[in-house]
Amino acid sequence: MQLSTALMPQTDQQRKLKKITKNLVNRYWMQFLIGLLLSGIATYFISNATVNRWQALWSGHDHANLPLCSMPMPELSSNQFPNQSLNQSQDRQRLAFKPIRLVVEPWRGEHNVYAVFAVPLTYYETYYRSLMQVEGTKKGWEATIADAKGMRLVAPEGHFLMVSFFPTRLSIWYWLTGKFANLQDPCNWTLYIYP
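Per full-length UniProt numbering: the sequence shown = residues 1 to 195.
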């Protein structure tokens, strides 16, 4: 009569081997979890918007109204927006604005790659004639009036807020192809308004 292997007594060598294997599996599993946690934390803190928030909080300034790029606003330009059919003449002027807040966190899901712009109230009636472009892209994206309370921002005096979202799938593609730093640079985001 044969005894099953589960009922047979284990030798010391088998017990040691089983213990070593169990410890190795536990150690590698723990290293994997710690690595995953650290990479998530690092990604969160490295994102440009988070760095700007912490710098603003530590300096004692309200981070909602800090300019992210040193371009004077607004800038008049006579160039037509590339690859757009707006039925506008080629010599029509446009106004360019840089963002006051930039969030580039595509790993958090849809609608987590966007820029918020402060636009003077004089252009409130013509906000629908606006397009946002990120440098290095050939397409412009629509911008809409932002909900200041939802964004937890206060519009500067005499301004209203506009938000423009960048496609999450395209931002992940930028991440995979090594162009993610271009998205995180606020000087690469521009809102054009055609008065």
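Here a beta-carbon is modelled for each residue, glycine too, at the ideal position from N, C-alpha and C.
Small disclaimer: the values here were computed from a predicted structure and weren't measured.
My output table needs one value for residue i: the three-state DSSP class, helix, strand or coil.
{"i": "Phe166", "result": "coil"}
{"i": "Gln10", "result": "coil"}
{"i": "Lys18", "result": "helix"}
{"i": "Glu157", "result": "coil"}
{"i": "Glu105", "result": "coil"}
{"i": "Gln133", "result": "strand"}
{"i": "Thr177", "result": "coil"}
{"i": "Tyr127", "result": "coil"}
Spatial neighbours of residue i within its chain, please: C-beta separation below 7 Å, excluding the five flanking residues on both sides.
{"i": "Lys18", "result": "none"}
{"i": "Phe160", "result": "Val119, Leu121, Tyr124 and Ile145"}
{"i": "Leu176", "result": "none"}
Count the other C-beta atoms from every protein chain shown that fall within 10 angstroms of the C-beta of residue i, then say buried if there are 16 or more, exposed otherwise.
{"i": "Arg101", "result": "buried"}
{"i": "Ser59", "result": "Reliability of the predicted coordinates at Ser59 is poor, the pLDDT of 45 falling under 50, and no value is obtained from them."}
{"i": "Lys16", "result": "exposed"}
{"i": "Gln10", "result": "exposed"}
{"i": "Met162", "result": "buried"}
{"i": "Tyr28", "result": "exposed"}
Please return the same chain residues whose Cβ sits closer than 6 Å to the Cβ of residue i, not counting the five positions on each side in sequence.
{"i": "Tyr123", "result": "Ile193"}
Could you work out which residue in the options is closest to residue i when comparing CA atoms only?
{"i": "Leu170", "options": "Gln93, Leu95, Arg94 and Glu110", "result": "Glu110"}
{"i": "Arg129", "options": "Pro156, Trp189 and Ala96", "result": "Ala96"}
{"i": "Phe165", "options": "Thr177, Phe180 and Met132", "result": "Met132"}
{"i": "Tyr127", "options": "Lys98, Lys139 and Leu191", "result": "Leu191"}
{"i": "residue 216", "options": "Pro156, Ala181 and Asn112", "result": "The question about residue 216 has no answer, for the chain in this structure spans 1 to 195."}
{"i": "Asp185", "options": "Ile20, Glu105 and Leu24", "result": "Glu105"}
Report all residues from its chain with a CB closer than 8 Å to the CB of residue i; omit the five preceding and five following residues, and keep chain order.
{"i": "Met30", "result": "none"}
On the premise that residue j lies in contact with residue i, defined as a C-beta separation below 8 Å, what is that separation, rounded to the nearest angstrom?
{"i": "Val113", "j": "Thr168", "result": "6 Å"}
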